[in-house]
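Notes follow the structure.
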Amino acid sequence: TDRSNNSDGLKGGNICTIQMIPLERSRKPWRSCLPSWRTRSSGKWEKGEAVVKRAVRRFANLRADAIKERIRKDGKEVTFLTVEEYSDYPDNQAWDCESSVEGNQLREINRVCPFSTAFREIGLEQAGKLYCEEIDLALNEAFFGKIKFERPSLFTDGPCAPCEMIVTRLDK
Numbered sequence: 006t007d008r009s010n011n012s013d014g015l016k017g018g019n020i021c022t023i024q025m026i027p028l029e030r031s032r033k034p035w036r037s038c039l040p041s042w043r044t045r046s047s048g049k050w051e052k053g054e055a056v057v058k059r060a061v062r063r064f065a066n067l068r069a070d071a072i073k074e075r076i077r078k079d080g081k082e083v084t085f086l087t088v089e090e091y092s093d094y095p096d097n098q099a100w101d102c103e104s105s106v107e108g109n110q111l112r113e114i115n116r117v118c119p120f121s122t123a124f125r126e127i128g129l130e131q132a133g134k135l136y137c138e139e140i141d142l143a144l145n146e147a148f149f150g151k152i153k154f155e156r157p158s159l160f161t162d163g164p165c166a167p168c169e170m171i172v173t174r175l176d177k
């Protein structure tokens, strides 16, 4: 895998992230809560899904605020390129990501991501899907305001499926 800069200046992969979030409060370890969360009985799935989405969105807003503050402190504009440049994730070889920016649109294809790999390995693909569906949307909205967000594919689409997103800024 190559994390070197692409021709468009993006390092690739830093916009996507993941954090394991306990799905409900319990005295038991959080993994013991998953069987009831993963079922749709008694509305638990919907309630758990809403809790995860709120937590992910809060996390995204806090991350974006800190990154935007650093960008603006250096007198720069918040763009796809500066968000990538100022990302709070260290460079590493765990990603295989292709990113391109054309005008007001970012297209990113992650073929290998340490988070999707981990979700697959521990059998929590559906929890990972929920997280991944929300985090990229929430981060990009927090960075850029009004956007059009498309998710042509996600790692749960198949055993070798990439995660792909297309973000179009609507304010520019």
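Sequential numbering from 6 applies to the sequence shown in this note's numbering. For each residue, glycine too, the CB sits at the ideal point set by N, CA and C.
Proximity below 7 Å, CB of residue i to CB of residue j
i, j, result
"A143", "R62", "yes"
"T161", "Q110", "no"
"I114", "P167", "yes"
"Y91", "R77", "no"
"R116", "D101", "yes"
Environment of residue i [buried if 16+ CB atoms lie within 10 Å]
i, result
"I127", "exposed"
"E89", "buried"
"E139", "buried"
"D176", "exposed"
Coarse secondary structure for residue i, derived from DSSP in three states
i, result
"C137", "helix"
"T84", "coil"
"D13", "Residue confidence for D13 is low, a pLDDT of 36 falling below 50, so the modelled location carries little weight; the figure read from the coordinates is stated next. DSSP places D13 in coil when its eight states are reduced to three."
"P157", "strand"
"N97", "coil"
"L142", "helix"
Nearest-angstrom Cα separation, counted from residue j out to residue i
i, j, result
"R85", "V106", "Note that residue 85 corresponds to Phe in the displayed sequence, not to Arg. Straight-line Cα distance between these residues: approximately 7 Å."
"F149", "D93", "17 Å"
"I72", "E54", "27 Å"
"R59", "A65", "10 Å"
Sequence-distant residues of the same chain with beta carbon closer than 7 Å to residue i, five excluded per side
i, result
"K134", "L159, T161"
Sequence-distant residues of the same chain with beta carbon closer than 6 Å to residue i, five excluded per side
i, result
"E155", "I171"
"F124", "E130, G133"
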